[in-house]
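Mapping to my numbering: the sequence shown position 866 is 1021, numbers consecutive. Input: a single structure, listed below in structure tokens.
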Amino acid sequence: MRKFNIRKVLDGLTAGSSSSSQQQQQQQHPPGNREPEIQETLQSEHFQLCKTVRHGFPYQPSALAFDPVQKILAVGTQTGALRLFGRPGVECYCQHDSGAAVIQLQFLINEGALVSALADDTLHLWNLRQKRPAILHSLKFCRERVTFCHLPFQSKWLYVGTERGNIHIVNVESFTLSGYVIMWNKAIELSSKSHPGPVVHISDNPMDEGKLLIGFESGTVVLWDLKSKKADYRYTYDEAIHSVAWHHEGKQFICSHSDGTLTIWNVRSPTKPVQTITPHGKQLKDGKKPEPCKPILKVEFKTTRSGEPFIILSGGLSYDTVGRRPCLTVMHGKSTAVLEMDYSIVDFLTLCETPYPNDFQEPYAVVVLLEKDLVLIDLAQNGYPIFENPYPLNIHESPVTCCEYFADCPVDLIPALYSVGVRQKRQGYSKKEWPINGGNWGLGAQSYPEIIITGHADGSVKFWDASAITLQVLYKLKTSKVFEKSRNKDDRPNTDIVDEDPYAIQIISWCPESRMLCIAGVSAHVIIYRFSKQEVITEVIPMLEVRLLYEINDVDSPEVEQPPPLSTPVGSSNSQPIPPQSHPSTSSSSSDGLRDNVPCLKVKNSPLKQSPGYQMELVIQLVWVAGEPPQQITSLAVNSSYGLVVFGNCNGIAMVDYLQKTVLLNLGTIELYGSNDPYRREPRSPRKSRQPSGGMLIVTSCMCGVSSLYSESVKKLRSSFLTGLCDISEGTAVPEDRCKSPTSAKMSRKLSLPTDLKPDLDVKDNSFSRSRSSSVTSIDKESREAISALHFCETFTRKADSSPSPCLWVGTTLGTVLVIALNLPPGGEQRLLQPVIVSPSGTILRLKGAILRMAFLDTTGCLIPPAYEPWKEHNVPEEKDEKEKLKKRRPVSVSPSSSQEISENQYAVICSEKQAKVISLPTQNCAYKQNITETSFVLRGDIVALSNSICLACFCANGHIMAFSLPSLRPLLDVYYLPLTNMRIARTFCFTNNGQALYLVSPTEIQRLTYSQETCENLQEMLGELFTPVETPEAPNRGFFKGLFGGGAQSLDREELFGESSSGKASRSLAQHIPGPGGIEGVKGAASGVVGELARARLALDERGQKLGDLEERTAAMLSSADSFSKHAHEMMLKYKDKKWYQF
156 MRKFNIRKVL DGLTAGSSSS SQQQQQQQHP PGNREPEIQE TLQSEHFQLC KTVRHGFPYQ
216 PSALAFDPVQ KILAVGTQTG ALRLFGRPGV ECYCQHDSGA AVIQLQFLIN EGALVSALAD
276 DTLHLWNLRQ KRPAILHSLK FCRERVTFCH LPFQSKWLYV GTERGNIHIV NVESFTLSGY
336 VIMWNKAIEL SSKSHPGPVV HISDNPMDEG KLLIGFESGT VVLWDLKSKK ADYRYTYDEA
396 IHSVAWHHEG KQFICSHSDG TLTIWNVRSP TKPVQTITPH GKQLKDGKKP EPCKPILKVE
456 FKTTRSGEPF IILSGGLSYD TVGRRPCLTV MHGKSTAVLE MDYSIVDFLT LCETPYPNDF
516 QEPYAVVVLL EKDLVLIDLA QNGYPIFENP YPLNIHESPV TCCEYFADCP VDLIPALYSV
576 GVRQKRQGYS KKEWPINGGN WGLGAQSYPE IIITGHADGS VKFWDASAIT LQVLYKLKTS
636 KVFEKSRNKD DRPNTDIVDE DPYAIQIISW CPESRMLCIA GVSAHVIIYR FSKQEVITEV
696 IPMLEVRLLY EINDVDSPEV EQPPPLSTPV GSSNSQPIPP QSHPSTSSSS SDGLRDNVPC
756 LKVKNSPLKQ SPGYQMELVI QLVWVAGEPP QQITSLAVNS SYGLVVFGNC NGIAMVDYLQ
816 KTVLLNLGTI ELYGSNDPYR REPRSPRKSR QPSGGMLIVT SCMCGVSSLY SESVKKLRSS
876 FLTGLCDISE GTAVPEDRCK SPTSAKMSRK LSLPTDLKPD LDVKDNSFSR SRSSSVTSID
936 KESREAISAL HFCETFTRKA DSSPSPCLWV GTTLGTVLVI ALNLPPGGEQ RLLQPVIVSP
996 SGTILRLKGA ILRMAFLDTT GCLIPPAYEP WKEHNVPEEK DEKEKLKKRR PVSVSPSSSQ
1056 EISENQYAVI CSEKQAKVIS LPTQNCAYKQ NITETSFVLR GDIVALSNSI CLACFCANGH
1116 IMAFSLPSLR PLLDVYYLPL TNMRIARTFC FTNNGQALYL VSPTEIQRLT YSQETCENLQ
1176 EMLGELFTPV ETPEAPNRGF FKGLFGGGAQ SLDREELFGE SSSGKASRSL AQHIPGPGGI
1236 EGVKGAASGV VGELARARLA LDERGQKLGD LEERTAAMLS SADSFSKHAH EMMLKYKDKK
1296 WYQF
């Protein structure tokens, strides 16, 4: 084994040197029996791994900012992520390396730059003038905690308030501190005996830049004169302050307080507020104060030329409104509108026509950042309607439970799905265009259609257009519509096997060419859908009930050529199947009152109206057997050419003819082996298994439902829908009541195994490591072998076959591959009348680890796709031309072409958790073998097309992404990508053609990545641009009289005031300047377009582990470079006052 591994490593290093591959072949084949050499075109240089785009709502948002000139919106999150949104299709994701929460964002308006303040007391300056924004400078405060920042429009001096109540001033050009500091004791002097608390607000007077308004948490507000360095006025109020906002004339300001009040102050009257308002307080008689309300967390004061000002606030509801949803209140004149939100409000901003604070604001919209949504309210229309959100922010509308990714789909698919999905759109949105419309689209180099399908906890399935790194919802299907819904918990049938989300989607099987869709749900149900553009009404929902039972009897296994069990009658939902002949010991009625022959969900018995789109063809449900619930489905496959669907779980396998609506096959996994069973299994009574030490409570635990994907503790992650995974992420505690814990780490690693099994997973270890011996003797006597992979194909079923024929390949969790032969009747009318004959072939292949994926190659090494029937509208009467019908119903198999000689062989590619094998057919010799991982296991393996060839792409539990050539399984890529693999990533990771892959990086976001060198090189062109050159609007006209009598806006020479010459140097120990990874080179890169090269060079440096000494020298060089650049930039600024330092 060690010798083979050394050869494998050498082979990977030399990128396919012929000598080592020949040695490998000689190891596996005697000299006289070598496989024909297939020319492989893929080399390691075709592969490169990089993230492309992130879609969806920013997870756990914490901050919001808007550039009113560039029309760009920025959202910061609690995990240090930064999401930037421009026009629909222009999005960008950045990440702070520290991962600290973003507490505030400030745009340098129309400069193409952004300042972020983080919870770890660092400030960062981002350059947005490049497609992938980079940090130019960082400043780390060492002795004080940052609480609030303010950057006046067209100023280079950033005010930074701290927890101690002091205000420091940062030059955003050099990102250094000014010597000018406003100390809290100077600001309040003798007005208060105690510390005023942290700074919660800073803003300059709109009409006088020399006056700074400082709000302290305790309720004290100070108007500070920057020139004289003393307080002009101090305003005190008994309640804590949450936010402050100016009237644009600079004569009044408004404060929001913790008791639900708003106070309006005249600047020159500090003794008491002009007006006190409690927007949601009950006005009591006798002139008493209104009852206190919840805190008003934020208030904005916006003026209009032609009417009353807007006062917009969040929070402030009265305490007796228990259960009331969070609200945004809009007060305009005498009217007050209370707008209810679905989630709690994180922040909001009012979008105004002007960036100048000293002009009439003319607000036109409010952008509200909620905990799990982004809402934009139109202030100009009556009733304040919301704008239709064009960003794909509703991926998590219901938690995502599985997803599939299809690149290079048929070109007519996206228009077809869009045409049926456009009818589902809601009405009542604002008629205006989406106002956040900055940036420019990238050049779409990728022209092929891409579709992402997401399955959700509420049973819905969404189809997304993912072409050219964008994402747009096309169509939504609700699979729960075919079932009766219980109105309340007491109404629920006692056959429910899940506590919540009984319709949650587990597996999606989709054929893009025929548009057939098949889903498996958590309640052991399968639904088959056809696509139609016509509306139909289904009078009776076609339904089958299948009784799958795991049982080892003392009697011999049934004969291989046993006739299939009788099918279930079609029709009403209470129809009961005849028990299969293979289970003679099971009776359909149980004398002790145990649930038997009942499905988990009740199908509707009323006519079902089916809109254009996906329409239900057949519902299949597994039933309870003698008090034992049906086990969740672990694998699923549908084939439109054969008209068959097959599914399996840890009990066995069932095949259904969905054209004739009959069950063709219903076998326990053991019975698939016939007399060839390699395992010594002891007979057991089904009754025994239902009485483990914990009683019935524990029995149901393995079938308990999925809990919320994004809530705390047990509800952190949905139960594993991947065979062979158990949720051990983030060390969640195992609760006492296991019935409510689908994610309990004590569950066995195979999905829904009997609970009296001991788990073979180390719960203490928070990684995906697990050990399992592949030897037969060590297998637990009671372990159930689940069906983990299914693949329909046209190939050689037995060694003696001279020509390929339709068959089904079945993979199990114990590493066995079994082949079932399919004998299909001729097409046309005969297909609906004659039965399909199904029989196990006796072919058995073995691999190490559970089988994940199977595929077939022809003699030239090209992929043989499964046969399919091209899509046609089936709700329209057809011409009765038998020949035509025959062609449509049974297309010429796309497997071996008719011109191929019979003697030409095929290759079966089989990927398991541990290894991959390429088997030559019909001889069934192992042509190539590759041990993928020894210490970990493969979570996802896909056979995909790339650069006019094919490869096997694998994602391992240890975070590695690997690729192997086909058929020789030569290593082409092995990159350590993810340091921590949690259950959500494990369940949703998928590869597709053309080097694309994706996974759910958070409960609300999809991360797309590419492993193609070509896509990585083209990515820079494909990404949109955030910054576009836009003229800053003209400043408001001061007017003749205001200019004459000094009533207009007063300017301030901040350079003179805060510069080193007048204020001196700041204390070095107060804050540390850190040059950003972009640094000066980043600015040059932004100007010259070589940012991609810089990033690549930096990556290379990181990977090689640059020495500390080199790093110090480089830092010193960058600092001197930064200084000279700062002087140069300042000279440029003085020369061109209307242009900024970025614009050179």
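Where is the CB? At the ideal position from N, CA and C, for every residue including glycine.
Residue environment: residue 598 is assigned as exposed (fewer than 16 neighbouring CB atoms within 10 Å of its CB, all protein chains considered). Judged by DSSP in its simplified three-state form, residue 404 adopts coil rather than helix or strand. Linking residue 502 to residue 611 through their CA atoms gives a straight-line distance of about 28 Å.
Taking C-beta atoms under 8 Å as the contact rule, residue 357 and residue 376 fail to qualify, at a distance of about 11 Å.
The Cβ-Cβ distance between residue 326 and residue 1213 falls below 9 Å. For residue 570, the number of other beta carbons within 10 angstroms of its own is below 16, and it is reported as exposed.
DSSP places residue 530 outside any alpha helix (DSSP H); the residue lies instead in the beta strand (DSSP E), whose first and last residues are 529–533. Between residue 545 and residue 288, the C-beta spacing is not below 9 Å.
Taking a C-beta distance under 9 Å as the contact criterion, residue 630 and residue 640 do not qualify as a contact pair. Counting only runs of 3+ residues, the beta strand (DSSP E) found wholly inside the region 584–656 occupies 605–611, 615–620, 627–633, in chain order. Our two residues, residue 961 and residue 290, have alpha carbons roughly 58 Å apart in a direct line. Within a 10 Å sphere around the beta-carbon of residue 304 sit 16 or more other beta-carbons, which makes this residue buried. Separation of the CB atoms of residue 1007 and residue 1066 is rounded to 5 Å, and the pair is thereby assigned contact status at 8 Å. For residue 303, no alpha helix (DSSP H) segment is defined; the enclosing uninterrupted segment is the beta strand (DSSP E) at 301–305.
The C-alpha of residue 779 lies about 29 Å from the C-alpha of residue 1143. Every beta strand (DSSP E) stretch that sits fully inside the region 1064–1130 and reaches 3 residues is listed by chain position as 1070–1076, 1080–1086, 1093–1101, 1104–1111, 1115–1120. If you draw a 10 Å sphere on the C-beta of residue 455, you find 16 or more other C-beta atoms in it, and that means buried.
Taking C-beta atoms as the reference points, residue 1127 and residue 197 count as a pair closer than 9 Å.
For residue 793, no alpha helix (DSSP H) segment is defined; the enclosing uninterrupted segment is the beta strand (DSSP E) at 790–794. When only Cα atoms are considered, residue 768 and residue 605 end up about 19 Å apart. With respect to residue 1186, residue 1102 sits apart: the two C-beta atoms are not nearer than 9 Å. Exposed is the label assigned to residue 497, since fewer than 16 other Cβ atoms lie within 10 Å of its Cβ. When only Cα atoms are considered, residue 506 and residue 228 end up about 11 Å apart. Contact between the region 1013–1021 and the region 988–1004 is not established, with fewer than three Cβ pairs separated by less than 8 Å. Fewer than three Cβ pairs drawn from the region 969–985 and the region 1098–1116 lie within less than 8 Å of each other, which leaves the two stretches out of contact. Residue 424 and residue 245 have their C-alpha atoms some 48 Å from each other.
The beta carbon of residue 539 sits closer than 8 Å to the beta carbons of 485, 492, 494, 532, 533 from its chain, once the five residues preceding and following it are set aside; these are given in chain order. Contact check for residue 366 against residue 411 fails: the beta carbons are separated by 9 Å or more. Taking residue 211 as reference, the option from 1155, 1175, 608, 1227 with the minimal CA-CA separation is 1155. Secondary structure of residue 569 (DSSP, three-state): helix.
Between residue 488 and residue 471, the C-beta gap is not smaller than 9 Å, which leaves the two residues out of contact. Residue pairing by DSSP places residue 817 opposite 812 in a beta bridge. Measuring C-alpha to C-alpha distances from residue 307 to each of 195, 637, 363, 1118 identifies 363 as the nearest.
Residue 577 counts as exposed, since fewer than 16 other beta carbons sit within 10 angstroms of its beta carbon. Secondary structure of residue 323 (DSSP, three-state): strand. Contact check between the region 202–209 and the region 549–557: fewer than three CB pairs, one atom from each, fall below 8 Å, which does not count as touching.
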